[in-house]
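Protein chains in written order, with the working numbering: chain A, 1 to 359; chain B, 360 to 466.
Heads up: the structure comes next, in structure tokens.
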Amino acid sequence: METEVLIIGGGPAGLTAAFEMASRGLEVTIIDESFSLGGQLCQQTQLIRALPSAYQPMAGFKLANKLTEQLKDFSVRYLLGHRVIGLYADGSIGVTDEKDVFPVKAKKILVATGAAENAISFPKWTLPGVITIGAAQTLVNRDFVMPGKEALIVGSSDFALDVAYQLMEVGVNIKGIIEKSAVVNARDKEKVNQVEKKGIPFYFNSYVKEAKGNGEVEAIDIQLQNGILTETVDLVCIDGSRSPILDSFYQLGCSFGYQEVLGGWIPQYNKHFQTDQKNVFLAGNAAGISNHAALLLTGMISGISICEELKVLNRDAFKELTLSYWRELENLENKDAWQARIRHIEKFSAPLLKDQFIS
Amino acid sequence: MHIEDHPVLGKQLQAPVKFYFNGQEYKAYKQQTVAAALIANGIKKFGLSRKLVQSRGLFCSRGRCCSCYMTVNGEDHVRTCMTRIDEGMIVSPNLEDPVIRSDRDGD
Ligand SMILES: Cc1cc2nc3c(=O)[nH]c(=O)nc-3n(C[C@H](O)[C@H](O)[C@H](O)COP(=O)(O)OP(=O)(O)OC[C@H]3O[C@@H](n4cnc5c(N)ncnc54)[C@H](O)[C@@H]3O)c2cc1C
Ligand code: FES
């Protein structure tokens, strides 16, 4: 199979990049291993307020629909249920439909594979019933399944509080939110209020000492500042923050740098979201963990960069658009993430890791 | 338990299917994953880890951790969080390493 542009990952970043390119006449193929487009946005029911000026505030799943809808008039090929697993010697991408493997030859590749949630380990954290906050959200809002009746949340980020609220809405009893530091991690005070109003206790300066249960989680020992509290639960949702998914970048031979705030190891890239492999671009959480506005804007910037390279966007218009998208990014991205991104881009030609595998 | 009427998304579960786990029949809905279908029916333990022989179940629900491996319609090591349930599916727990070279594969 041949295509002008191959996008790996049909989440918000991949879809906005696709819009920039397909609307300017490029032949785009989107590959995603899941069965639907929208990536991790599909199960987000919370309102997303800060978005690029082209979009109104809306719930995550509605945004996923909108990003998918706006592509329908253009020539975009979709390979859903397909996974990128490697690279052929001639530079073609190796794709599997879980039965066969075939090559896809592309002029440009855009990697928008998103992020994976990290674990927080404690004794017996592998017991069934201990899951990530993202998994809980997926069960409730995508699969329409109750993950449990009595739950504890480990971590207090905005994401964790959103999920705590969404679990409550379907009738899960949240017994508490455990936070290892002295204050709530979430930036959005409204989310904190929403949860506090429901009477959910926060346990600060606390951590999970041990999970207990036979075959599945039945209780949690919480180490408080002044002793141990045991809660009976059948669900524990852990928020270990997220790290970019890098598999495709290793395979494509990209170099890496490290930015703690952006999720750790990330591929080297310049201000056009182009990696040191000239035909490989990136966007979204794969380029560093950030907020929704940044996911979309990085998709838009990498999209127009490919347009310019493939000569469907003239140099002046490209320069102007790049400038305005970057200005929006500066306004909408959290300050610490923005600063880490700038530091990362400044170090483009000085990677920490080259030609080696990190895990 | 299935969420028949979701507070934000409404009534989304329309097409019921039957599937089998350890020989017993259970009910699920078409758009659910195998892992979600099991959890809806109160089954959280999907298998045992190979070395320490500890219980394993769903963890990330996005195909990254492989904690949800099970045998589905005779195929070993299927990521059940990335596989949709289907009518008549036969699901069994992942209790040991799969047989990689078998007669079936002609080796
Ligand atoms: C389960 C989950 C729930 C989340 N919920 C929230 C939330 O409530 N609030 C919040 O602020 N953030 C949330 N996030 C963060 C989330 O990552 C972002 O909101 C956003 O979806 C990231 O956009 P993206 O386009 O970068 O990546 P994604 O949306 O993750 O899209 C990447 C896509 O790439 C595909 N993919 C990856 N590797 C391959 C491959 N090798 N071959 C083919 N396809 C591949 C994946 O299937 C996926 O669809 C959640 C994350 C997860 C994991
Ligand atoms: S639960 Fe992690 S791969 Fe299925």
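Every residue, glycine too, gets a C-beta built ideally from N, C-alpha and C.
Query - B:Pro366 classed as buried or exposed, judged by whether at least 16 other C-beta atoms fall within 10 angstroms - result: Locating residue 366 of chain B in the second sequence gives position 7, where the first residue counts as 1. B:Pro366 should be labelled exposed.
Query raised in the report: Under 8 Å between the Cβ atoms of A:Phe318 and A:Ile306?
Result: Taking the first residue of the first sequence as position 1, residue 318 of chain A is located at position 318. Taking the first residue of the first sequence as position 1, residue 306 of chain A is located at position 306. No, the Cβ-Cβ distance between A:Phe318 and A:Ile306 is not below 8 Å.
Query raised in the report: Between the segment 106–138 of chain A and chain B, which residues of the former have CB atoms less than 9 Å from a CB of the latter, in chain order?
Result: Gly114, Ala116, Glu117, Ala119, Lys124, Thr126, Leu127, Pro128, Gly129, Val130, Ile131, Thr132, Gly134, Ala135, Ala136, Gln137 and Thr138
Query raised in the report: Taking the DSSP output, what are the residues bridged to A:Glu117?
Result: Residue mapping note: residue 117 of chain A aligns to position 117 of the first sequence, counting from 1. Paired residue(s): A:Arg242.
**Report entry** Minimum Cβ-Cβ distance from B:Gln371 to chain A less than 8 Å
**Finding:** Here residue 371 of chain B refers to the residue found at position 12 of the second sequence. Judged by the 8 Å Cβ criterion, B:Gln371 is in contact with chain A.
Requested in this report: Check the Cβ of B:Ala399 against every Cβ in chain A and list those closer than 9 Å, keeping chain order.
Outcome: Position 40 of the second sequence, counted from the start, is the residue given in the question as residue 399 of chain B. Near B:Ala399 (Cβ distances below 9 Å), the residues of chain A are Leu139, Asp143, Phe144, Val145 and Met146.
Requested in this report: Would you please state the rounded distance, in angstroms, between the beta carbons of A:Gly94 and A:Gly86? I believe it to be under 8 Å.
Outcome: In the first sequence, residue 94 of chain A corresponds to position 94, counting from 1. In the first sequence, residue 86 of chain A corresponds to position 86, counting from 1. The pair is a contact, with the Cβ atoms about 4 Å apart (cut-off 8 Å).
Report task. Pull up the distance between the alpha-carbon of A:Pro128 and that of A:Asn270, whole angstroms please. Result -> In the first sequence, residue 128 of chain A corresponds to position 128, counting from 1. In the first sequence, residue 270 of chain A corresponds to position 270, counting from 1. Near 42 Å, if we compare the C-alpha coordinates of A:Asn270 and A:Pro128.
Requested in this report: Measure the C-alpha to C-alpha separation of B:Glu455 and B:Asp435 and round it to an integer number of angstroms.
Outcome: Here residue 455 of chain B corresponds to residue number 96 of the second sequence, with the count starting at 1. Here residue 435 of chain B corresponds to residue number 76 of the second sequence, with the count starting at 1. Roughly 10 Å between the two C-alpha positions.
Query raised in the report: So what's B:Ala300 in DSSP terms, helix, strand or just coil?
Result: Here chain B comprises residues numbered 360 to 466, so residue 300 of chain B is not present and cannot be evaluated.
Report task. Just the chain B side, please: which residues come within less than 8 Å of A:Thr45 by C-beta, in chain order? Result -> Translated into positions along the first sequence, residue 45 of chain A becomes position 45. Within 8 Å Cβ-Cβ: Val367 and Leu368.
Requested in this report: Can you have a look at B:Arg482 and say buried or exposed, based on whether 16 or more other CB atoms are within 10 angstroms of its CB?
Outcome: Look at the range of chain B in this structure, 360 to 466, and you will see that residue 482 of chain B is not part of it.
Query raised in the report: Does DSSP put A:Phe204 in a helix, in a strand, or in coil?
Result: What you label residue 204 of chain A is simply residue 204 of the first sequence in a count that begins at 1. Residue state, collapsed to three classes: coil.
Requested in this report: Indicate whether at least one CB of chain B lies closer than 8 Å to the CB of A:Ser359.
Outcome: Residue mapping note: residue 359 of chain A aligns to position 359 of the first sequence, counting from 1. Residue confidence for A:Ser359 is low, a pLDDT of 47 falling below 50, so the modelled location carries little weight; the figure read from the coordinates is stated next. By this cut-off, A:Ser359 is not an interface position.
Report task. Alpha carbon to alpha carbon, how far is A:Ser290 from A:Leu353? Give it in angstroms, no decimals. Result -> Translated into the one-based positions of the first sequence, residue 353 of chain A becomes position 353. Translated into the one-based positions of the first sequence, residue 290 of chain A becomes position 290. Each residue's alpha carbon lies about 22 Å from the other.
Requested in this report: Indicate whether A:Ala136 and A:Leu167 have their beta-carbon atoms separated by less than 8 Å.
Outcome: Taking the first residue of the first sequence as 1, we reach residue 136 of chain A at position 136. Taking the first residue of the first sequence as 1, we reach residue 167 of chain A at position 167. Closer than 8 Å, so yes.
Requested in this report: Can you check DSSP and say which residues form a bridge with B:His365?
Outcome: The count along the second sequence starts at 1 and reaches residue 365 of chain B at position 6. Paired residue(s): B:Gly369.
**Report entry** Beta-carbon proximity check, A:Ala89 vs A:Ala283, cutoff 8 Å
**Finding:** Taking the first residue of the first sequence as position 1, residue 89 of chain A is located at position 89. Taking the first residue of the first sequence as position 1, residue 283 of chain A is located at position 283. Result no, Cβ atoms of A:Ala89 and A:Ala283 do not sit closer than 8 Å.
Report task. Under 6 Å Cβ to Cβ from A:Lys105, same chain only, skipping five residues before and after it: list those, please. Result -> Residue 105 of chain A sits at position 105 when you count from the first residue of the first sequence. Closer than 6 Å at Cβ, skipping near neighbours: Glu2 and Ser92.
**Report entry** Sheet register partners of A:Asp221 (DSSP bridge)
**Finding:** Position 221 of the first sequence, counting from 1, holds the residue named residue 221 of chain A. DSSP, once it has assigned bridges, lists A:Glu210 and A:Thr230 as partnering A:Asp221.
Query raised in the report: Per DSSP, what kind of secondary structure is B:Arg423 in: helix, strand or coil?
Result: By 1-based counting over the second sequence, the position of residue 423 of chain B is 64. In this structure, B:Arg423 counts as coil in the three-state DSSP scheme.
Query raised in the report: DSSP on B:Gln383, reduced to helix/strand/coil?
Result: Walking along the second sequence from the start, residue 383 of chain B turns up at place 24. B:Gln383 falls in the strand class under three-state DSSP.
Report task. Using a cut-off of 8 Å between C-beta atoms, extract the partners of A:Phe35 located in chain D. Result -> The structure shown contains no chain D; its protein chains are A and B.
Query raised in the report: Residues of chain B with CB under 9 Å from A:Glu216, in chain order?
Result: By 1-based counting over the first sequence, the position of residue 216 of chain A is 216. In chain order: Lys403, Lys404, Ser414 and Gly416.
Query raised in the report: Hey, would you say A:Leu6 sits closer than 8 Å to A:Ile109, going by beta carbons?
Result: Along the first sequence, read from residue 1 onward, the residue named residue 6 of chain A stands at position 6. Along the first sequence, read from residue 1 onward, the residue named residue 109 of chain A stands at position 109. Going by C-beta atoms, A:Leu6 is nearer than 8 Å to A:Ile109.
Query - Nearest to A:Asp239 (by Cα), restricted to the options A:Ala160, A:Ile345 and A:Pro267 - result: Locating residue 239 of chain A in the first sequence gives position 239, where the first residue counts as 1. Taking only the C-alpha atoms, the option nearest A:Asp239 is A:Ala160.
Query raised in the report: Under 7 Å Cβ-Cβ, which residues of chain A neighbour B:His361?
Result: Numbered from its first residue, the second sequence carries residue 361 of chain B at position 2. Correct list: Phe144 and Val145.
Query - Candidates A:Met300, A:Ser156 and A:Val280, of which the one nearest A:Glu4 by Cα - result: Locating residue 4 of chain A in the first sequence gives position 4, where the first residue counts as 1. Nearest of A:Met300, A:Ser156 and A:Val280 to A:Glu4, Cα basis: A:Val280.
Query - DSSP-derived helix/strand/coil call for A:Trp265 - result: As a first step, residue 265 of chain A must be located in the first sequence, where it is residue number 265. Looking at A:Trp265 - three-state DSSP - the assignment turns out to be strand.
Report task. Please report the residue range of the beta strand (DSSP E) in which A:Lys347 lies. Result -> Position 347 of the first sequence, counted from the first residue, corresponds to residue 347 of chain A. Careful: A:Lys347 lies outside any beta strand (DSSP E) and carries neither H nor E.
**Report entry** Residues near A:Asn118 by beta carbon distance below 8 Å, same chain, minus five either side
**Finding:** One-based indexing of the first sequence puts residue 118 of chain A at position 118. Gly240, Ser241, Arg242 and Ser243, listed in sequence order.
Requested in this report: Would you verify that the beta carbon of A:Glu169 is, or is not, closer than 8 Å to some beta carbon of chain B?
Outcome: For the purposes of this step, residue 169 of chain A is taken as the residue at position 169 of the first sequence. It does: the Cβ of A:Glu169 has a partner Cβ on chain B nearer than 8 Å.
Report task. Identify which residue in B:Ile398, B:Pro452 and B:Ser426 has its Cα closest to the Cα of A:Gly148. Result -> Within the first sequence, numbered from 1, the residue matching residue 148 of chain A stands at position 148. It is B:Ile398 whose Cα lies nearest to the Cα of A:Gly148.
Query - Beta-ladder partner(s) of A:Ile153, from DSSP - result: For the purposes of this step, residue 153 of chain A is taken as the residue at position 153 of the first sequence. A:Ile153 is bridged to A:Ile177 and A:Cys237.
**Report entry** Under the three-state DSSP convention, the category A:Ala112 falls into
**Finding:** Your numbering for residue 112 of chain A matches position 112 in the first sequence. Coil.
Query raised in the report: Would you report the Cα separation of A:Lys435 and A:Gly288, rounded to the nearest angstrom?
Result: Absent from the structure is residue 435 of chain A, since the part of chain A shown begins at 1 and ends at 359.
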